[in-house]
Structures are given as C-alpha cells and as structure tokens.
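By the count of full-length UniProt numbering, the sequence shown reaches residue 158 at its end, each step adding exactly one.
By construction, the Cβ of each residue, glycine as well, lies at the ideal position given by its N, Cα and C atoms.
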Amino acid sequence: MKGAKEKGHTVNKIKAAKLNVSGCKACIMCWTKDGACVQCDDMKEIEPLLESADMLVLVSPLYFFGISAQLKAVIDRFCAYCVDSRKKSLLVKESALIMCGECDEERFFSGAIDTYKYTADYMKWEDRGILIATSVSAKGDILQGDWLTKAQAFGTSI
C-alpha cells in the first residue's frame, strides 16, 4: 500500500476476514432484481468501493493451496457483475495478486494463482503482476529478508 500511495494512488483497504460476507448462492436475483443481492451481509458495505475502483489488488495468505475462504466469498459475489444486462458494473481495469504462505516453494501457490488468473481473465482485467512471499509462517516472518521492500516496489510499479 505504501508504494501505491507514494505514486499518488488512492488506496482503500478491505479486510475480508473481518467482514461477514457469504459466498454466492447462484440464485441470480442480482441479475433481475434491481441489481441487488438477496443476501443481507457486509458485501453491501464494500460494493461502493469495488464499483468505484479502477484496480483491485487481491491479498491473501495461502490456505490449503488456495486463497482464503473470506476473500473467495467476496470474489464469488462478483457474479453480480457478470451478465450483459447487469444493473451494476465495475470500473476495474487492472488487478494484481499478493500472497504469503509457509510453503517454501511457489509451486504450492499454483491453485491460488490459477484462481486469480482465471478471475482476472474472465473479468477482463489486465494482470499487473503477482508477488508471492514464501516461507512466511509466524507473524514476524514477513519482516525477515526483503519481502517488505519487494512489496513496496511492487506497489510503486502499479
């Protein structure tokens, strides 16, 4: 975030893990009922941020070879924006992925990376890059090595 802010970007942080967002039920009411989801949860709070963003940077720890369930629930709710007759739209044109995890090899992140790449492709977002921090297990591990420097440089590059 620091690098993106230094470049003059406005940055909004959404902590999916702190929100109550249920996964999509595929009822497609959002396609037919004024664009509103029938679920009453915290997604309504973050929709205005998503709908005004020109770029999304998805950030997640690695959980059993994928992104966190909380972030996945938010992504699944993008269904509301995936039909030509949709009532709502996203302005997002670009995206990036940042992840960390205990695994010491990037290959263990391939499931999460594929989820991100398929989402970006389907949503027609330009992929601005992926940053994977390996061997990060305990809270302070991210401070070891040059991960924070890499993250700041990554933020500056976008």
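Here DSSP, grouped into helix, strand and coil, assigns S52 to helix. Contact fails between the region 77-96 and the region 134-149, because fewer than three Cβ pairs, one in each stretch, are under 8 Å apart. For Y122, the closest of F78, L143, T149 and D146 by C-alpha to C-alpha distance is F78.
If only complete runs of 3 or more residues are kept, the region 10-93 shows the beta strand (DSSP E) at 55-61, in order along the chain.
The beta-carbon distance between A16 and S68, rounded to whole angstroms, is 7 Å. This is short enough to meet the 8 Å contact definition. For G145, the secondary structure class from DSSP, reduced to helix, strand or coil, is coil.
Residue pairing by DSSP places D127 opposite S95 in a beta bridge. Assignment of beta-bridge partners to A133 by DSSP yields C100. The C-alpha of G145 lies about 13 Å from the C-alpha of D104.
The Cβ atoms of I130 and A4 lie no closer than 8 Å to each other.
The Cβ atoms of A112 and L62 sit closer than 8 Å to each other. Within 10 angstroms of the beta-carbon of Y118 lie fewer than 16 other beta-carbons, which makes it exposed.
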